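Residue numbers (numbering that gives the first Met the number 0): 0 to 430.
Note that CB positions come from ideal geometry on N, CA and C, so glycine has one too.
In this text the structure is predicted, and so the values were computed from the model without any measurement.
Notes to accompany the following structure.
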Amino acid sequence: MAILNTIMLSVSQAVLLFIIIKILINVTYTLRGYFTIIGIIIPSTILFFYFDTRSMFFLLIASGIFMYYKHRFIGVASVLVGFFILYTANFLSIWLATSILDLMSTQYIFDFLYLFLFAVLTLFFSLLGRFFFTKLSTSDLSFNKIYLVVVCIFLFIVLLLIYFYLPNRIVSVGDAKIFVVMYAVLIITTAILIIAISFSIIRQIQYKRNMREIENYYKYTLQIEKINHEMRKFRHDYVNILSTMSDFIRENDMEGLNQYFHEEILPMQDSIQMNAIKINGIENLKVREIKGLLTTKILQAQENNIRISIEVPEPIEKIEMPIINLSRVIGILLDNAIEASEKIADDPLIRIAFIKNDDDSVMFIVMNKCSPDMPKVHTLFQENFSTKGKNRGLGLSTLKELTDSTSNVLLDTTIDNNYFIQKVEILNKDS
Numbered sequence: 000m001a002i003l004n005t006i007m008l009s010v011s012q013a014v015l016l017f018i019i020i021k022i023l024i025n026v027t028y029t030l031r032g033y034f035t036i037i038g039i040i041i042p043s044t045i046l047f048f049y050f051d052t053r054s055m056f057f058l059l060i061a062s063g064i065f066m067y068y069k070h071r072f073i074g075v076a077s078v079l080v081g082f083f084i085l086y087t088a089n090f091l092s093i094w095l096a097t098s099i100l101d102l103m104s105t106q107y108i109f110d111f112l113y114l115f116l117f118a119v120l121t122l123f124f125s126l127l128g129r130f131f132f133t134k135l136s137t138s139d140l141s142f143n144k145i146y147l148v149v150v151c152i153f154l155f156i157v158l159l160l161i162y163f164y165l166p167n168r169i170v171s172v173g174d175a176k177i178f179v180v181m182y183a184v185l186i187i188t189t190a191i192l193i194i195a196i197s198f199s200i201i202r203q204i205q206y207k208r209n210m211r212e213i214e215n216y217y218k219y220t221l222q223i224e225k226i227n228h229e230m231r232k233f234r235h236d237y238v239n240i241l242s243t244m245s246d247f248i249r250e251n252d253m254e255g256l257n258q259y260f261h262e263e264i265l266p267m268q269d270s271i272q273m274n275a276i277k278i279n280g281i282e283n284l285k286v287r288e289i290k291g292l293l294t295t296k297i298l299q300a301q302e303n304n305i306r307i308s309i310e311v312p313e314p315i316e317k318i319e320m321p322i323i324n325l326s327r328v329i330g331i332l333l334d335n336a337i338e339a340s341e342k343i344a345d346d347p348l349i350r351i352a353f354i355k356n357d358d359d360s361v362m363f364i365v366m367n368k369c370s371p372d373m374p375k376v377h378t379l380f381q382e383n384f385s386t387k388g389k390n391r392g393l394g395l396s397t398l399k400e401l402t403d404s405t406s407n408v409l410l411d412t413t414i415d416n417n418y419f420i421q422k423v424e425i426l427n428k429d430s
């Protein structure tokens, strides 16, 4: 009976681990995923029967590899946090159960009370952890591999300390309570420390982003003022400009008028149009942060003599994607389009469009001229692959991670007739 209880406890904890992971990062298990989970749980249970708690290393490593292939370092972090939740819930359950039942002579009542407390505390800590993982997934830290690796290493070291310094035998209930409280405090302190450092980094990143947004919007405002000033000057001077043509008309010098018009008047019109294009078309885009970012990128393109056009045919009030992730997606697409256009000698061109599909979705499209020897699309998304040199290809791989991690975002990339076209469709969550 004791062996059966041991096996049931091992299986239940392994199953709870994958339930915790699902709650933390909202992972979806496929049929193949469930078979993989069963393939992890059965060997870990057998190993538990022979090697006791040392079998947890197999469960930790196997589940870590499984989640890495599904969600990279976020998945590995969820596995480690899942182990912390199991440890914490186990320690607190033992402490509470022994506090309620100081006389442990009634084993069945103690086991029932322990399992009940263990399940409740596991659920509570999982939901609490999901809140922090949601905050993490909507911040730049979710794609900062150095931060995630450091956190995973730190959590793994703390888990090793807990395992190796956990006593094999407890002499009395009083000793059990002391060790339980000590390890619970260690785990909770570790969690608070990581959360505090993470939120501090997030605040610093957010502050820098807010300053950039303010700067972008300031540039946008200055550009509007500049164009308005030029238009006022043009309205003031257009009579004088027209009067310069009167002498050609009076002398019926059509050839001279034609030459004067094309050499002097048309360049002035082109200049006005080039300035106007900087803001033309984005008045329908009501998302202020994105409008400021677009203005900055348009100015950057035109400073490099790249023709650029933007189309927003219908008013767009909101886009159903976290503004941080959306800014990164748009920034990567436009930066890549500008860099590719700088290499085009024959009339480089970038076209941008925001198209609203009724109330179902918003599509963001960027197309730019590209060289005929452009690599195949699938190779462009490989990490560290770049047409600019070694170890510089992080943009498109990050873009793919951003779109893949957001369930309502679809990315389509094509190369057609020497145009590199990328479409990002953001589905409305209620569609």
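Inset, instruction - Determine the burial state of V75: buried for a count of at least 16 other Cβ atoms within 10 Å of its Cβ, exposed for fewer. - result: Taking the sequence shown and counting its residues from 1, the one referred to as residue 75 is at position 76. Buried, because 16 or more other Cβ atoms sit within 10 Å of the Cβ of V75.
Legend entry - Reduced DSSP category for D358 - H, G, I as helix; E, B as strand; rest coil: Counted from its first residue, the sequence shown places residue 358 at position 359. Note: D358 maps to coil in three-state DSSP.
Inset, instruction - Would you kindly work out how many angstroms separate the C-alpha atoms of F48 and I191, rounded to a whole number? - result: Along the sequence shown, one-based indexing puts residue 48 at 49. Along the sequence shown, one-based indexing puts residue 191 at 192. When rounded, the distance between both Cα atoms is 34 Å.
Inset, instruction - Output the boundary residues of the beta strand (DSSP E) element that contains I343. - result: Walking along the sequence shown from the start, residue 343 turns up at place 344. Premise fails: I343 is in no beta strand (DSSP E) and is neither H nor E.
Inset, instruction - From the DSSP output, in three-state form, read off M244 for me. - result: Reading the sequence shown from its first residue, position 245 is the one you call residue 244. Here M244 sits in coil by DSSP.
Inset, instruction - Starting from the C-beta of V78, find all residues in its chain whose C-beta is less than 6 Å away, skip the five residues before and the five after it, and write them out in chain order. - result: Along the sequence shown, read from residue 1 onward, the residue named residue 78 stands at position 79. Closer than 6 Å at Cβ, skipping near neighbours: S62, G63 and M66.
Inset, instruction - Could you check if H70 is buried or exposed, using at least 16 other CB atoms within 10 Å of its CB as the buried criterion? - result: For the purposes of this step, residue 70 is taken as the residue at position 71 of the sequence shown. Label assigned to H70: buried.
Inset, instruction - Hey, could you find the ends of the beta strand (DSSP E) K422 is sitting in? - result: Taking the sequence shown and counting its residues from 1, the one referred to as residue 422 is at position 423. From DSSP, the beta strand (DSSP E) with K422 extends over Y418 to L426.
Inset, instruction - Leaving aside the five residues before and after M366 along the sequence, list all residues of the same chain whose C-beta is less than 6 Å from its C-beta, in chain order. - result: Position 367 of the sequence shown, counting from 1, holds the residue named residue 366. Within the same chain, M366 has close Cβ partners R350, Y418 and I420.
Legend entry - C-alpha distance - T386 paired with D51, whole-angstrom precision: As a position in the sequence shown, residue 386 is number 387, starting the count at 1. As a position in the sequence shown, residue 51 is number 52, starting the count at 1. The predicted model places T386 with a pLDDT of 49, which falls under 50 and marks its position as unreliable; any figure quoted below should be read in that light. Near 52 Å, if we compare the C-alpha coordinates of D51 and T386.
Legend entry - N89 to I186 span [Cα, whole Å]: The residue you call residue 89 lines up with position 90 of the sequence shown. The residue you call residue 186 lines up with position 187 of the sequence shown. Their Cα atoms are separated by approximately 12 Å.
Inset, instruction - Give me the Cα-Cα distance between K277 and I196, rounded to the nearest whole angstrom. - result: Counting from one through the sequence shown, the residue named residue 277 turns up at place 278. Counting from one through the sequence shown, the residue named residue 196 turns up at place 197. Here the model assigns K277 a pLDDT of 47, short of 50, so the residue's position is not dependable and the matter cannot be decided.
Legend entry - Boundaries (first-last residue) of the beta strand (DSSP E) holding E310: By 1-based counting over the sequence shown, the position of residue 310 is 311. Where E310 is concerned, the enclosing beta strand (DSSP E) stretches over R306 to E310.
Legend entry - Buried versus exposed, by CB contacts within 10 Å (16 or more), F72: On the sequence shown, position 73 is the one that residue 72 refers to. Burial call: buried.
Legend entry - Buried versus exposed, by CB contacts within 10 Å (16 or more), N209: Indexing the sequence shown from 1 puts residue 209 at position 210. N209 comes out exposed.
Legend entry - Straight-line gap, D346 to A300 (C-alpha atoms, nearest Å): As a working mapping, residue 346 is identified with position 347 in the sequence shown. As a working mapping, residue 300 is identified with position 301 in the sequence shown. One C-alpha to the other measures close to 13 Å.
Legend entry - Rounded C-alpha distance that separates F131 from I194: Locating residue 131 in the sequence shown gives position 132, where the first residue counts as 1. Locating residue 194 in the sequence shown gives position 195, where the first residue counts as 1. Distance between the alpha carbons of F131 and I194 is about 8 Å.
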